[in-house]
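Remarks on the structure that follows.
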Amino acid sequence: MSKLLNSKNRRLDGRKLDELRPIKMEVGVIDNANGSAYIEFGRNKVMAAVYGPKDVHPKHMMKTESAILKCRYHMTPFSTGTRKNPAPSRRETEISKIISEALEPAIVMTDYPRTAIHVYVEILQSDGGSRCAGVTAASLALADAGINMRDLTSGCAAGKIDGKVALDLDEVEDMEGDADLPMAILPNLEKVTLLQLDGDFSHKEFIEALKLAKKGCLKVYEMQRNALNDKYFGNGKA
Amino acid sequence: MPEVKRKYVTPGELVGKGKYNRTSNVYQIEDKFYSTRVGMAEVINDSLRVIPLTGPYIPREDDLVVGKIIDHSAFAWEVDINSCFSGFLLAQSVFGRDYSPARDSLTKKFAIGDLVTAKILAFDRTRDPLLSVSGPGLGRINQGEIVSISPTKVPRVIGKKGAMIKTIENYSKCRLTVGQNGLVIISGNPEGIILAKSALDLINHEAHTADLTQKVQDLLSRLNNGEK
Numbered sequence: 002m003s004k005l006l007n008s009k010n011r012r013l014d015g016r017k018l019d020e021l022r023p024i025k026m027e028v029g030v031i032d033n034a035n036g037s038a039y040i041e042f043g044r045n046k047v048m049a050a051v052y053g054p055k056d057v058h059p060k061h062m063m064k065t066e067s068a069i070l071k072c073r074y075h076m077t078p079f080s081t082g083t084r085k086n087p088a089p090s091r092r093e094t095e096i097s098k099i100i101s102e103a104l105e106p107a108i109v110m111t112d113y114p115r116t117a118i119h120v121y122v123e124i125l126q127s128d129g130g131s132r133c134a135g136v137t138a139a140s141l142a143l144a145d146a147g148i149n150m151r152d153l154t155s156g157c158a159a160g161k162i163d164g165k166v167a168l169d170l171d172e173v174e175d176m177e178g179d180a181d182l183p184m185a186i187l188p189n190l191e192k193v194t195l196l197q198l199d200g201d202f203s204h205k206e207f208i209e210a211l212k213l214a215k216k217g218c219l220k221v222y223e224m225q226r227n228a229l230n231d232k233y234f235g236n237g238k239a
Numbered sequence: 003m004p005e006v007k008r009k010y011v012t013p014g015e016l017v018g019k020g021k022y023n024r025t026s027n028v029y030q031i032e033d034k035f036y037s038t039r040v041g042m043a044e045v046i047n048d049s050l051r052v053i054p055l056t057g058p059y060i061p062r063e064d065d066l067v068v069g070k071i072i073d074h075s076a077f078a079w080e081v082d083i084n085s086c087f088s089g090f091l092l093a094q095s096v097f098g099r100d101y102s103p104a105r106d107s108l109t110k111k112f113a114i115g116d117l118v119t120a121k122i123l124a125f126d127r128t129r130d131p132l133l134s135v136s137g138p139g140l141g142r143i144n145q146g147e148i149v150s151i152s153p154t155k156v157p158r159v160i161g162k163k164g165a166m167i168k169t170i171e172n173y174s175k176c177r178l179t180v181g182q183n184g185l186v187i188i189s190g191n192p193e194g195i196i197l198a199k200s201a202l203d204l205i206n207h208e209a210h211t212a213d214l215t216q217k218v219q220d221l222l223s224r225l226n227n228g229e230k
């Protein structure tokens with residue numbers, strides 16, 4: 002089996018076990034959208050755009066009491082090593098659904114009855130953990146669009162490599178590692194809106210990974226706030 | 003002077019704790035108030051509000067809006083009011099109560115593509131906003147330049163008791179009609195329109211900063227002098 006950790010517990014890219022990849026965020030990058038955001042999560046490059054609220058098509062999907070949220074997670078053909086077929090795959094359909102479910106509790110849906118909010122998450126380059134990056138970007142785009150939200154949604158994954166719990170796995174660690182635990186939280190309300198697990202954890206490891214992922218999410222949240230402050234208040238100076 | 007506390011907030015940020023009688027753009031859990039928008043939080047006595055910096059236009063009763071006729075049926079026009087809900091202008095409210103679709107043709111009054119200033123008569127969560135064009139200053143717009151700004155910045159364009167709008171009108175010698183939906187009609191001579199447009203641009207970009215009226219005054223007097 003390949004080794005993902007060296008003798009000093011350093012990972013292949015030199016990170017410590019509880020270290021995030023370098024993250025860059027920018028808000029308001031697409032003029033044609035009502036709100037947008039761009040995120041680099043290590044080697045992931047993710048663009049998110051929000052349109053709406055606008056009228057619902059097809060009409061029968063309309064809810065009289067609240068808005069509906071339509072998400073599309075899509076990977077561009079050039080986002081992976083070998084060309085990815087641009088048609089939506091089983092995996093993309095799943096991630097579209099879980100992103101939508103991760104964002105919905107954050108949005109005050111009842112403020113926009115009989116409307117639809119469209120969220121597009123486009124993966125320009127992927128390197129493991131793109132669903133968490135997608136949720137994070139989409140949440141920023143929603144805030145940029147000025148849609149009433151109870152909280153931002155911040156995503157980050159934890160996992161297990163070479164038998165040790167580690168934060169924010171990249172592609173290789175995800176493929177060769179033992180487990181992956183993507184998570185998204187509402188940081189102020191302290192609620193979990195996305196939690197998936199692929200692999201095996203002992204109970205103790207699971208709790209450890211959960212705590213680590215939460216720590217990662219909170220760091221991501223801090224960066225989300227800075228990104229919003231940068232755009233709207235010129236670096237948060239009052 | 004009541005004490006005013008201001009700070010910049012993002013969605014989910016704690017704005018205040020305790021009892022407040024008047025709140026806006028906040029979400030309450032027990033006695034804690036969280037912002038739902040990106041904007042400026044303001045606490046004055048018992049009122050707590052977040053003034054948003056971005057967002058769509060949600061119609062409210064009695065709002066003045068600028069809209070475009072996009073369609074009509076036998077009984078009403080459909081008006082695009084720059085919102086997720088389109089406005090409806092009943093033929094009855096334009097032709098009078100004895101309106102009959104056999105006798106009167108809707109296109110005689112407003113054709114598709116016409117711009118109108120209208121007032122929102124009624125709006126609730128279950129129905130689309132109902133418009134009216136009867137009243138001073140309402141009806142078809144025949145001339146002027148239409149400028150679009152963010153609907154959340156309309157209060158800054160108007161200013162305290164209309165101070166900002168008066169400033170712009172005095173310098174540009176134009177008339178401004180500000181729709182709550184973020185569309186502004188400027189009518190006057192071309193030089194004035196350019197002046198007013200640049201003032202609106204400044205407000206749109208720097209709405210959250212202090213001394214905005216002063217900044218706009220400076221810009222307008224600079225442009226005024228530069229031209230002469």
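Protein sequence lines correspond, in order, to chains A and B. Just so we're aligned: the first sequence equals residues 2 to 239 in our numbering. Just so we're aligned: the second sequence equals residues 3 to 230 in our numbering. Note that CB positions come from ideal geometry on N, CA and C, so glycine has one too.
- For aspartate 32/A, not one C-beta of chain B is nearer than 8 Å to its own C-beta.
- Interface with chain A (8 Å Cβ-Cβ cutoff): glutamate 171/B is excluded.
- Chain B places a beta carbon closer than 8 Å to that of valine 109/A, counting this residue as a contact.
- With its beta carbon at least 8 Å from every one in chain B, aspartate 231/A lies outside the interface.
- According to DSSP, residue pairing for phenylalanine 42/A in a beta bridge involves Ile24/A and Asn45/A.
- By the CB criterion at 8 Å, alanine 144/A and valine 40/B fall inside the cutoff.
- Every unbroken stretch of the beta strand (DSSP E) spanning 3 or more residues and falling wholly within the segment 115-191 of chain B is given here in chain order: 117-126, 129-134, 147-150, 177-180 and 185-189.
- Counting the other Cβ atoms within 10 Å of the Cβ of phenylalanine 79/A gives fewer than 16, which makes it exposed.
- No Cβ-Cβ contact shorter than 8 Å links serine 88/B with valine 96/B.
- Residue pairing from DSSP places cysteine 72/A in a beta bridge opposite Val120/A.
- Closest option to lysine 215/A, judged by alpha-carbon separation, among Thr194/A, Asp201/A and Asp199/A: Thr194/A.
- In the DSSP annotation of this structure, the continuous segment of the alpha helix (DSSP H) that includes glycine 217/A starts and ends at 204-234.
- The C-alpha of isoleucine 187/B is placed about 16 Å away from the C-alpha of glycine 164/B.
- Close to histidine 210/B, with beta-carbon spacing below 8 Å, are these residues of chain A in chain order: Tyr233 and Phe234.
- With fewer than three CB-CB distances shorter than 8 Å, the segment 16-30 of chain B does not count as touching the segment 85-92 of chain A.
- The beta-carbon separation of threonine 154/A and alanine 107/A, rounded to 5 Å, stays under the 8 Å limit for a contact.
- Among the CB atoms of chain A, one or more fall inside 8 Å of the CB of glycine 57/B.
- If you look at threonine 109/B, you'll find it in the alpha helix (DSSP H) that goes 108-111.
- Between lysine 9/B and aspartate 64/B, the C-beta gap is not smaller than 8 Å, which leaves the two residues out of contact.
- For proline 54/B, the nearest beta carbon of chain A is closer than 8 Å to its own beta carbon.
- Note that the segment 7-20 of chain A does not touch the segment 121-129 of chain A; fewer than 3 beta-carbon pairs, one per stretch, sit closer than 8 Å.
- The beta carbon of serine 174/B sits closer than 6 Å to those of Gly194, Leu197 and Ala198, all from its chain and outside the five residues before and after it, given in chain order.
- In terms of beta-carbon proximity, leucine 195/A stays away from the interface with chain B, with every pair separated by 8 Å or more.
- Judged by DSSP in its simplified three-state form, glutamate 66/A adopts coil rather than helix or strand.
- Residue nearest to threonine 119/B within the set Tyr22/B, Ala209/B, Gly184/B and Lys217/B is Gly184/B (criterion: CA-CA distance).
- Distance between arginine 105/B and alanine 78/B, taken at the CA atoms: about 15 Å.
- Residue-level contact by beta carbon fails for valine 96/B and chain A, as no gap is shorter than 8 Å.
- DSSP places serine 131/A in the uninterrupted alpha helix (DSSP H) bounded by 131-146.
- Leucine 198/A carries a coil assignment under DSSP once its states are collapsed to helix, strand and coil.
- Annotation for aspartate 33/B: Lys19, Gly20 and Lys21 place their beta carbon closer than 8 Å to its own, counting only its chain and skipping 5 residues before and after.
- Each residue's CA atom was taken as its position, placing leucine 168/A and methionine 63/A some 40 Å apart.
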